[in-house]
Amino acid sequence: YEGIELEDAYAIQDLWLTMRIDRGARLVGRKIGLTSRAMQMASNFNEPDYGYLTDDMLLPDGAQIEAARFLSPRLEVELCFIMGEDLQGAGCTVADVMRATEFVTPALELIAYRTQVPRAIVDTIADNAAAGAMITGGRLVRPFDLDIRWVGATLSKNGVIEESGVSAAVMGHPAAGIAWLVNKLARHGVGLKAGQMVLAGSFTRPVNIVAGDVIQADYGPLGSLGVRFV
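Counting in this note's numbering, the sequence shown runs without a single skipped number right up to 230 at its last residue.
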């Protein structure tokens, strides 16, 4: 939309969230995008972006998903942080995020752009940072029970590995994006609440999805999760 600024885009996103809550949805967390330098350069943007997660966006491991529900759906490999404590205020660090986190678990983000091409970063942000759904599965682990910088995963489509990556690709540490998010939200007097989930950012490129695709994400010691598109 011509003339729109960054703060306008986030204000539009907030209005969409308010409308969804008024219709019965419940805010359950946040998502972070553009956590790699390559994606930022592709979007002509120099920082991550963020969106919201509501309870009607959560899908279980093993779900059968109607591909037609989403526009040009794609999947990304991520980690989901589940907060054990409230986290709010400027000056948040990776250490603060780790201390406030109760569990980390494998997750897939289903992204779906609802804006036309060409699109600018402000269009994507207003569109809830292209968030469509989140699928979680595998093991719940305590954040200090392993070095979460070195969680590896593969994403297979119809039995063929399409993408692989390691969680350190997310800003050097998957908690770094969450620290950025908390600092960003602090400007608006809000933060993360205990029990909320945060998609920390993708460490693979997105994989295109069509009806009939069977997806499996293997996180090694953290287990695996999968979905089928119909």
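Beta carbons are placed, not taken as given, at the ideal position from N, Cα and C, and that holds for glycine.
Asked: Quick check: the Cα distance between Asp-86 and Ala-179, rounded to an integer number of angstroms?; Found: 13 Å
Asked: Report the option in Val-207, Ala-200 and Val-166 whose CA atom is closest to the CA atom of Gly-220.; Found: Val-166
Asked: State whether the stretch 169 to 188 contacts the stretch 20 to 37, with contact taken as three or more CB pairs (one from each stretch) at a distance under 8 Å.; Found: yes
Asked: Work out the CA separation of Pro-143 and Tyr-50 for me, nearest whole Å.; Found: 22 Å
Asked: So what's Arg-228 in DSSP terms, helix, strand or just coil?; Found: strand
Asked: Is the stretch 121 to 135 in contact with the stretch 146 to 158, if contact means three or more CB pairs nearer than 8 Å?; Found: no
Asked: Output the boundary residues of the beta strand (DSSP E) element that contains Met-134.; Found: 131 to 136
Asked: Whose C-alpha, out of Phe-45, Leu-225, Ala-25 and Thr-18, is nearest the C-alpha of Glu-5?; Found: Phe-45
Asked: State the Cα-Cα distance for the pair Ile-135 and Asp-61, rounded to the nearest angstrom.; Found: 6 Å
Asked: Apart from the five residues on each side of it in sequence, which residues of its chain come closer than 8 Å, Cβ to Cβ, to Asn-183?; Found: Ala-90, Gly-91 and Cys-92
Asked: Can you grab the Cα-Cα spacing for the pair Gly-212 / Gly-137, in whole Å?; Found: 21 Å
Asked: Quick one: residues in its chain with C-beta nearer than 7 Å to the C-beta of Val-207, no 5 flanking neighbours on either side, listed in chain order?; Found: Arg-74, Leu-75, Leu-155, Lys-157, Glu-162 and Glu-163
Asked: Quick one: grab the DSSP three-state call for Pro-106.; Found: strand
Asked: Would you check if the distance between the CB atom of Gly-201 and the CB atom of Glu-78 is smaller than 8 Å?; Found: yes
Asked: Hey, would you say Leu-17 sits closer than 8 Å to Phe-70, going by beta carbons?; Found: no
Asked: Among Gly-159, Leu-185 and Phe-203, which has the Cα closest to the Cα of Val-307?; Found: Beyond the ends of the chain as shown, which are 1 and 230, falls residue 307; an answer cannot be given.
Asked: So, is Asp-218 buried or exposed, given that buried needs 16 or more other C-beta atoms within 10 angstroms?; Found: buried
Asked: Between the alpha carbons of Gly-132 and Thr-115, how many angstroms are there, rounded?; Found: 13 Å
Asked: DSSP three-state label for Glu-47, please.; Found: coil
Asked: Measuring CB to CB, does Leu-181 end up less than 8 Å from Val-198?; Found: yes
Asked: Pull the bridge partners of Gln-64 from the DSSP assignment, please.; Found: Arg-228
Asked: State the DSSP-derived secondary structure class of Arg-74, mapped to helix, strand or coil.; Found: strand
Asked: Look at Phe-103 and Leu-140 and say whether their C-beta atoms are less than 8 Å apart.; Found: yes
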